[in-house]
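Single-structure report; data block below.
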Amino acid sequence: MIDGVTVRQAGEDDAVGGVLPRWVALPETVEEIATVLRACAERDLAVVPAGGGTKLHWGPPPERCDVLLDLCCMNEVLEHAAGDLVVRAQPGVTMDALAGELAGKGQELALDVPFAEDATVGGTLAAALPGPRSFRYGTARDLLIGITVVLPDGTVAKSGGKVVKNVAGYDLGKLFTGSYGTLGVIAEATFRLHPLPAERRWVVADLDPAEVGPVAMALAASQAEPSAVEVDRPDSGPVTLAALVEGTAAEARAETLRELIGRGSLSVEQPSWWGLIDSDDVLIELRFLPSHLGDVLDAAAGWSVRGSAVSGRLLLEARREMERDEVATTLTRLREVARAHVLAAPYEGLDRWGPVSGLPLMRRVKERFDPGRRMSPGRFVGGI
Ligand SMILES: Cc1cc2nc3c(=O)[nH]c(=O)nc-3n(C[C@H](O)[C@H](O)[C@H](O)COP(=O)(O)OP(=O)(O)OC[C@H]3O[C@@H](n4cnc5c(N)ncnc54)[C@H](O)[C@@H]3O)c2cc1C
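My numbering applies: residue 138 is where the sequence shown begins, and numbers increase by one.
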């Protein structure tokens with residue numbers, strides 16, 4: 138126990154990227170997170186926060202990890218102000234539990250998080266991948282309107298939502314979304330919600346790779362207003378494109394999209410591959426100008442590719458075992474046409490991020506928030 142907080146010895150299952158922590162702390166309140174972080178600061182112990190643990194293996198292993206801060210006990214939806222379309226939740230609430238609560242009032246957090254039975258609010262923010270409907274609703278960063286964090290020295294800081302106390306000019310929500318646990322601990326989050334759409338229709342069509350870019354652009358600009366336009370190409374060959382229409386007159390609007398594509402079928406069921414990559418031994422995220430989609434698909438030949446045809450975002454998955462050098466060669470090819478970030482790969486010495494222009498600024502932010510380098514050290518870009 139640290140001052141009333143439950144702590145247990147770590148076991149093999151608690152390893153983070155092969156690095157075994159000494160203890161697992163299980164705080165139940167924001168103040169208890171602060172207590173643990175203060176105790177770790179006094180003893181120079183390194184901390185890795187954990188939600189559902191579904192992506193703890195993403196990113197390089199931590200340089201050191203003494204304490205795994207498991208947020209599973211902080212699993213309550215604190216406030217659902219349905220009239221204001223706002224929800225405030227603890228970090229350990231699973232995305233499924235949150236969706237269930239919101240659906241009761243006909244609302245949703247429009248993030249499309251897969252593995253929702255395990256993925257938590259905190260982990261979803263810290264990993265910050267965009268899903269299919271980010272084209273219409275924005276990403277986690279856009280839907281987050283307030284956050285409470287605990288900094289590595291144990292200070293509790295809040296921004297947005299109904300609170301005014303802030304950390305000297307920093308937008309904490311934007312900084313902590315996508316920070317992979319390297320700046321501090323997300324202790325509470327407030328999100329903007331949307332009404333659950335009354336109807337949904339998918340239009341699905343197989344296209345030649347060269348057709349996909351222009352078709353996707355036409356769909357994005359259409360007055361039928363798709364919420365998402367996704368593509369799937371298992372290895373090479375034809376690309377399956379699926380566009381989602383939500384809300385009133387969904388059937389008629391989907392039919393408009395089908396006519397624009399010139400073929401395809403309508404469905405009330407989402408395609409099995411929609412918004413999901415289910416194996417992540419080697420997983421690469423690509424960001425690019427949507428108009429470059431054709432070039433990116435060419436450069437990704439031989440890989441399984443899924444993602445948004447209209448937001449310039451694809452995930453690449455290796456379908457077979459690959460040597461490190463083979464992945465490195467692919468990265469070099471991809472980086473000629475896109476920004477490529479390796480989300481997961483079981484090798485050392487791979488350039489996971491490529492060139493990142495904001496790196497000096499990110500280093501200064503890390504230095505400001507975590508000068509002792511105790512929060513998930515080495516897990517982020519540039520060894521942050
Ligand atoms: C829209 C969207 C689409 C996605 N698509 C895919 C996909 O197709 N395939 C796929 O494999 N995954 C995908 N993911 C990721 C997947 O959903 C993750 O399982 C989830 O985001 C991580 O949740 P977790 O609770 O398991 O986090 P964990 O695995 O526990 O942690 C993930 C990271 O967050 C940090 N962290 C966790 N909690 C906190 C906290 N409270 N404060 C600070 N840092 C913390 C951890 O240290 C770690 O670095 C997607 C995620 C989103 C949001």
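The beta carbon of each residue, even a glycine, is placed where N, CA and C say it ideally should be.
* To do: In the DSSP assignment, find the unbroken alpha helix (DSSP H) run with Ser409 in it and report its ends.
  => That residue, Ser409, is in no alpha helix (DSSP H); it is neither H nor E in DSSP.
* Through-space distance from Asp462 to Asn212, alpha-carbon basis -> 42 Å
* DSSP three-state call for Pro228: helix, strand or coil? -> coil
* Any heavy atom of ligand 1 closer than 8 Å to the Cβ of Ala256? -> yes
* N-terminal and C-terminal residue of the beta strand (DSSP E) that Phe328 is part of -> Val322 to Arg329
* Asked: At a cut-off of 8 Å, is Thr385 close to ligand 2 when judged by its beta-carbon and the heavy atoms of the ligand?
  -> For the structure depicted, ligand 2 is absent and the ligand set comprises only ligand 1.
* To do: Verify whether the separation of the beta carbon atoms of Val322 and Leu206 is less than 9 Å.
  => yes
* Asked: Whose C-alpha, out of Val366, Ser373 and Val230, is nearest the C-alpha of Leu394?
  -> Val366
* Keeping to the same chain, check which residues put their C-beta closer than 6 Å to that of Val442; ignore five residues upstream and five downstream. => Arg370, Leu451 and Leu453
* Cβ contact (3+ pairs, closer than 8 Å) linking the region 170-183 and the region 231-241 -> no
* Asked: Relative to ligand 1, is the shortest distance from any of its heavy atoms to the C-beta of Arg443 smaller than 8 Å?
  -> Annotation for Arg443 indicates a beta carbon within 8 Å of some heavy atom of ligand 1.
* Are the beta-carbon atoms of Pro289 and Leu208 separated by less than 9 Å? -> no
* Hey, how far is the Cα of Ala391 from the Cα of His331? -> Cα to Cα, Ala391 sits roughly 21 Å from His331.
* Can you name, in chain order, every residue of its own chain whose Cβ lies under 6 Å from the Cβ of Glu256, other than the five neighbours on each side? -> First, the residue type needs correcting, since residue 256 is Ala and not Glu in the sequence shown. Gly189, Thr191, Met232 and Val250, listed in sequence order.
* Figure out for me which residue from Ile521, Val144 and Trp339 has the closest Cα to the Cα of Ile398. => Trp339
* Asked: The alpha helix (DSSP H) spanning Thr276 covers which residue range?
  -> No alpha helix (DSSP H) holds Thr276; DSSP gives it neither H nor E.
* Residues sharing a beta bridge with Gln244, DSSP -> Pro332
* Distance cut-off 8 Å: Thr377 Cβ against heavy atoms of ligand 1 -> Flag unset: Cβ of Thr377 not near ligand 1.
* Rank Gly515, Leu498 and Arg510 by C-alpha distance to the C-alpha of Leu312 and give the top, closest one. => Leu498
* Compare the C-alpha of His217 against each of Arg500, Trp195, Leu246 and Thr285 and name the closest. => Selected option, being the one with the closest Cα: Leu246.
* Identify which residue in Ser448, Ala455 and Cys202 has its Cα closest to the Cα of Ala437. => Ala455
* Separation of Pro334 from Gly444, as counted between CA atoms -> 22 Å
* Residues near Pro199 by beta carbon distance below 7 Å, same chain, minus five either side -> Val153, Gly154, Val156, Ala183, Val185, Ser513, Pro514, Gly515 and Arg516
* State the start and end residues of the unbroken alpha helix (DSSP H) segment that holds Val502. => Where Val502 is concerned, the enclosing alpha helix (DSSP H) starts and stops at Leu496 to Phe506.
* To do: Return the first residue and the last residue of the beta strand (DSSP E) that Arg424 is part of.
  => Residue range Leu420 to Arg424 is occupied by the beta strand (DSSP E) that includes Arg424.
* Minimum C-alpha distance to Pro492 - residue among Leu430, Ala481, Gly509 and Thr469 -> Thr469
* Asked: Rounded C-beta distance between Ala277 and Thr261? I'm assuming under 8 Å.
  -> Yes, Ala277 and Thr261 are in contact; Cβ-Cβ is about 6 Å, under 8 Å.
* Buried or exposed: which applies to Val405, given that a residue is buried once 16 or more other Cβ atoms fall within 10 Å of its Cβ? -> exposed
* To do: Tell me, please, which residues DSSP counts as bridged to Thr377.
  => DSSP lists Asp343 and Asp369 as the bridge partner or partners of Thr377.
* To do: Could you spell out the range, first to last residue, of the beta strand (DSSP E) harbouring Ala574?
  => The structure shown does not extend to residue 574, since the chain is modelled only from 138 to 521, so the question has no answer here.
* Asked: When DSSP labels each residue in this structure, what does Ser445 get in the three-state scheme?
  -> strand
* Return helix, strand or coil for Glu392, following the three-state DSSP convention. => helix
* Bounding residues of the beta strand (DSSP E) (the contiguous stretch that carries Leu452) -> Arg450 to Glu454
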